[in-house]
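Below is one structure, written out as C-alpha cells; comments come after it.
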Amino acid sequence: MTNRQLTPGVVSGRLSPRDYRDNFAEKAPPFEPAQALVAAAQCLLCDDAPCIPACPTGVDIPLFIQQIAQGHPDAAAKTIFDQNILGGMCARVCPTEILCEHHCILVDGKDGPVEIGRLQRFATDSAMTEGAHPYTRAAPTGRRIAVVGAGPAGLSCAHRLAMKGHDVVLFDARSKAGGLNEYGVATYKTVGDFAQREVAWLTGIGGITVRTGQMLGRQLTLEALRRDYDAVFLAIGLAGVNALRTEGETISHVHDAVDFISALRQAEDLASVPVGRDVVVIGGGMTAVDAAVQAKLLGAETVTMVYRRASGQMGASEAEQHHAASKGVRIITGAAPLRIIGDGAVEAVEFAHTVEENGTLTVTEQTFHLKADQVFKAIGQVLQGTPEGLQLSGRKIAVTGPGRTSMAGVWAGGDCAVGGDDLTVTAVAQGRDAAEDIHTLLTTD
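Residue numbering for the sequence shown follows the working numbering, starting at 217 and increasing by one per position.
Written out as C-alpha cells, the structure is:
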C-alpha cells in the first residue's frame, strides 16, 4: 500500500495513474470472434428454452446464439434488437446470473451455463460498430408523442414509436440522455462513452428530437404536454433518495451513493474524485455494491457495506456480493444505523444488531461502531414529487397493462411506475410495450 493511500481524510489522487487505469479496466472484456464461436457451440438449442421467459424482454436466446455459431453476428444482433433495442447496454449490466443464465439447463454442469450475456455483447457490438441502423422508419403518421425521461424505458419507447412513423420529442432533466445508463452504472461495467454511443446509434433511426435540461414539474407540466402532444410517456425514474432519519445525517462527508456514482461516471479524470480512507456504505442493493467497490478501487483503505437484514435478502445478487468481497469490501449484515458521529465531519457510525422474526425487523440493544471519514447512503430511491393528477400505488405511479396510467393519454414505465424493478432490461421491456400500446391506440379507428 502506498503512502498516498494512507493519507487521512477525504482526498483525491490517492493512487498512481496506472492504478486508476488498472482498477477501472472493464470488468468483463468482450469475446474475440473465435471465443464467441466456442461459447455459442455450448448451447444445446433447447426446444423449450427456459432462458427465454427468464429474460424480461423475451429475446429468442437460442436463435441468436445459433446465428452466432453459424457466423452471422449481425443476424443475431437483429434478433436481440427486435425485442431489446438496448441490448448492448443490457449485455454489460444485466444480472444474467439471476436471469437467463441462471435458468440455462447447463447451469449446474461442469462448465456452468452458456455465457449468454457475453454472446449478446459480441453480437450487438458487432452490429453497432458497423454504424448502419438495422431499422427504417415507417411512413409518417403525423402523430407527435412526448417521452419524458431519456433513460432505458424512455429510449426504448422513443425508438419503437419512431420506427412506427411517429415523431417523438424525448425530454430529459439532465444535460445528457441515457438516464441511469449514463449516470448510474459503475464505471468499470461500461467503460468509455458507450452509453452516449448507444444513444446516438438508437436515435439514428430518425424522428426523435432530444431536449435536455427539461424537468417535469419545472420546465415541463403534464397539462401542457397532454395539450401539445398526442400521447405522453413518463419514464422519469426515481430522483429522490431515501433518508436514513438518523442523528448526524447532514454532517460533512455523508453522501448519497447515487451522486457518488454519477460523479465517477462524469469525471474526466478519476484521480480528481475524492474518497475517504475509511468508507462505510449503508445499504444492500446494486447501488450499494457499485459505490462500495468503486470506493475501494479509488484507493480507500477500508470499505464496509452494512445491511439491516440477512445477506439472502440483499438486493444485490450473490455474484455481485462475491465481486465486492473479491475487491476487499467487507459486508456486515443484520445491522441498522443508529447515528452518525462527528464534529462537523463524519468520524464514525454507530450501528445496532437486528433480529428478524416473521418478517418483522427488530433493533436490539447490541451496538457497535465503525470508524468512517466518508459515508454513502444507498437505501433506495423514491419518486420525486407527484406528477399532476396521476394516481399512485404505494410510492410509484399506478399503471395497468402496458403502462396505462389513471390519466387518459398518459403512459408510464421504468422505475417510476409500479412493476419497475431497478433493472435496465425490465425498463426496456416496459418502454417497448407502452410504445406498442400507444401506437395501437393512435392508429385504430
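Beta carbons are placed, not taken as given, at the ideal position from N, Cα and C, and that holds for glycine.
Query	Result
What's the C-alpha gap between P618 and W627?	8 Å
Give, in chain order, every unbroken run of the alpha helix (DSSP H) that is at least 4 residues long and sits entirely within the segment 280-358.	289-299, 303-309 and 332-346
Starting from the C-beta of R524, find all residues in its chain whose C-beta is less than 6 Å away, skip the five residues before and the five after it, and write them out in chain order.	A552 and T570
What beta strand (DSSP E) runs, 3 residues minimum, are completely inside the segment 505-548?	518-523
When the Cβ atoms of the segment 462-478 are set against those of the segment 548-564, are three or more pairs found closer than 8 Å?	yes
When the distance is taken between beta carbons, is R376 closer than 8 Å to R648?	yes
In angstroms with no decimal places, state the Cα-to-Cα distance between M379 and D485.	38 Å
So the candidates are G274, P266, D276 and Q282; which of them puts its Cα closest to the Cα of C259?	Q282
Rounded to whole angstroms, what is the Cα-Cα separation between P269 and T340?	20 Å
My output table needs one value for S609: the three-state DSSP class, helix, strand or coil.	strand
Would you mind reading off the limits of the beta strand (DSSP E) that contains F584?	T576 to K587
Under 8 Å, with one C-beta from each stretch per pair, do the segment 353-363 and the segment 303-321 reach the 3-pair mark?	no
Within 10 Å of its beta-carbon, does Q646 have 16 or more other beta-carbons around it, so buried, or fewer, so exposed?	buried
Run through DSSP, which three-state label would Q590 get?	strand
Exposed or buried, what is S609 when buried is set at 16 or more other beta-carbons lying within 10 Å of its beta-carbon?	exposed
Between the alpha carbons of I498 and T520, how many angstroms are there, rounded?	8 Å
Please report how far the alpha carbon of V664 lies from the alpha carbon of G596, in whole angstroms.	Nothing can be reported for residue 664: it is not among the residues displayed for the chain, which extend from 217 to 661.
Let's test the definition: count the other Cβ atoms within 10 Å of the Cβ of M217 and tell me whether it reaches 16, buried, or not, exposed.	Confidence at M217 is low in this model, with a pLDDT of 40, below 50, so the placement of that residue is unreliable and no value is reported for it.
When you compare only the Cα positions, how much space is there between G453 and E581?	37 Å
Classify H585 as buried or exposed, calling it buried when 16 or more other Cβ atoms lie within 10 Å of its own Cβ.	exposed
Note down, in chain order, each residue of its chain lying with its Cβ closer than 6 Å to the Cβ of A362, except the 5 sequence neighbours on either side.	V385, L441, Y445 and V448
Looking only at its chain, what residues have a beta carbon closer than 8 Å to the beta carbon of P246, apart from the 5 residues adjacent to it on each side?	R334, R337, F338 and D341
Just the C-alpha distance for R413 and L396, rounded to the nearest angstrom, thanks.	15 Å
Classify F247 as helix, strand or coil using the three-state DSSP reduction.	coil
Beta-carbon separation of P603 and L371 under 8 Å?	no
If T403 and L480 are in contact, beta carbons under 8 Å, what's the gap, nearest whole angstrom?	5 Å
Please classify G630 as buried or exposed, where buried requires at least 16 other C-beta atoms within 10 Å of its C-beta.	buried
Between the Cα of M427 and those of A511, A265, A374 and N458, spot the shortest distance and give me the residue it belongs to.	It should be noted that the sequence gives Arg, not Met, for residue 427. For the residues A511, A265, A374 and N458, the minimum Cα distance to R427 belongs to A374.
Pop quiz: M502 and D638 are said to be a contact at Cβ under 8 Å. What is the actual Cβ separation, rounded to whole angstroms?	7 Å
Out of G229, L450 and V634, state which residue places its alpha-carbon closest to the alpha-carbon of R611.	V634
Reducing DSSP to helix, strand and coil, say where G647 ends up.	helix
For P224, list the residues DSSP reports as bridge partners.	None, per the DSSP bridge assignment.
Rounded C-beta distance between A389 and M431? I'm assuming under 8 Å.	4 Å
Please classify G575: is it buried, with 16 or more other beta-carbons within 10 angstroms of its beta-carbon, or exposed?	exposed
Tell me which residues share the same chain as D327 and place their Cβ nearer than 8 Å to its Cβ, disregarding the 5 neighbours each side in the sequence.	Q258
Assuming A532 and G500 make a contact with CB atoms under 8 Å, what is their CB distance in whole Å?	6 Å
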